[in-house]
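Everything on this sheet refers to the single structure shown next.
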Ligand code: NAP
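Dropping the structure here:
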């Protein structure tokens, strides 16, 4: 009797078995849970170390439809969380430490509990690589950004820096010339990793200046970034650039370490989808930046979350769960 009452109240400390467990609480995870909960699938989100995902580290979000005046990233994520809870989703702020997808129901172990689910949606996202220099964390979202599409328009008529030599860095540098006066590309080698076509486009762009064999040493500012110190490691020369921002584009790490050996990953560690949003394991789905290394937007992650939830509902119906 007592367990029934607890079950109705969906207290996470007493309830262990769910129709759907969603690992990760970014736009993909929250959106998926809104859909599965509305479809009356008993849903648990295990939010991980940074509930809300990358948007918790952003300031203004201008490109998420529905907010004509923009919205702060953390506010958007808090609102999504409230919406998920209103639909009936249980959310626990715990970290998953192990999963067992070999048998059904699937088992998910957190620091404090073991949970079971008939279906799982992995929405753990990807983490942008950090340069790891002084000022990077301090000025994150105050001039230091990891997404040009998201933050480029805030840097109109300014001089800015892009760090990296891959396709992302070239794409971001070219995109940012729409807004910035000048874009300094800082690359640690004298040769780019980017594809030839992206290199050519960047070389042709008069607003882009390349700094070869150069590393960022320090990011300085007051409220926002005002200066970046860079060092030419061949000439051993230090220079200070007067700039309003830094876009770090040195790659992403998909958060998939937990799933290695059970879920098929590509050579960069992103989840490979087999059947719409389903992974190689029947009943385990993925949504958002954890499989998508192309778009990486809050709105696309949310859309993938919706798709995974619809696929999960269909899967559970077909398997009479
Ligand atoms: P990437 O290809 O891994 O390139 C990362 C770049 O960052 C490299 O130039 C690397 O330098 C540099 N880097 C890494 N760690 C660094 C550090 N600690 N300090 C300074 N520099 C560092 O990553 P990506 O550019 O994000 O691309 C990822 C994948 O997506 C690639 O396959 C790419 O082709 C693809 N992509 C394609 C497009 C497109 O086709 N339009 C756009 C974006 C991405 P080194 O060269 O010295 O290693």
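Numbering (my numbering), first residue to last: 997 to 1317.
Beta carbons are placed, not taken as given, at the ideal position from N, Cα and C, and that holds for glycine.
query: Three-state class that DSSP yields for residue 1278 in the structure shown; result: coil
query: Sequence-distant residues of the same chain with beta carbon closer than 8 Å to residue 1240, five excluded per side; result: 1139, 1151, 1154, 1155, 1156, 1220, 1221 and 1222
query: Paired residues, beta bridge with residue 1105 - DSSP; result: 1094 and 1110
query: Spatially closest choice to residue 1040 from 1136, 1077 and 1087, by CA coordinates; result: 1087
query: Distance CB(residue 1279)-CB(residue 1119) smaller than 9 Å; result: no
query: Per-residue DSSP class, three states only, for residue 1193; result: helix
query: Alpha helix (DSSP H) runs contained entirely in the segment 1235-1263, provided each spans 4 or more residues; result: none
query: CB of residue 1053 within 9 Å of CB of residue 1066, strictly; result: no
query: The segment 1269-1283 contacting the segment 1126-1143, beta-carbon criterion three pairs below 8 Å; result: no
query: Segment contact flag, the segment 1012-1019 with the segment 1261-1276, C-beta cutoff 8 Å, min 3 pairs; result: no
query: Assigned secondary structure, residue 1217 (DSSP; H/G/I helix, E/B strand, else coil); result: strand
query: Alpha-carbon spacing of residue 1105 relative to residue 1085, whole angstroms; result: 19 Å
query: Beta-carbon contacts of residue 1050 that lie in its chain and below 7 Å, excluding the five residues immediately before and after; result: 1022 and 1121
query: Straight-line gap, residue 1013 to residue 1117 (C-alpha atoms, nearest Å); result: 15 Å
query: Which of helix, strand or coil DSSP assigns to residue 1308; result: helix
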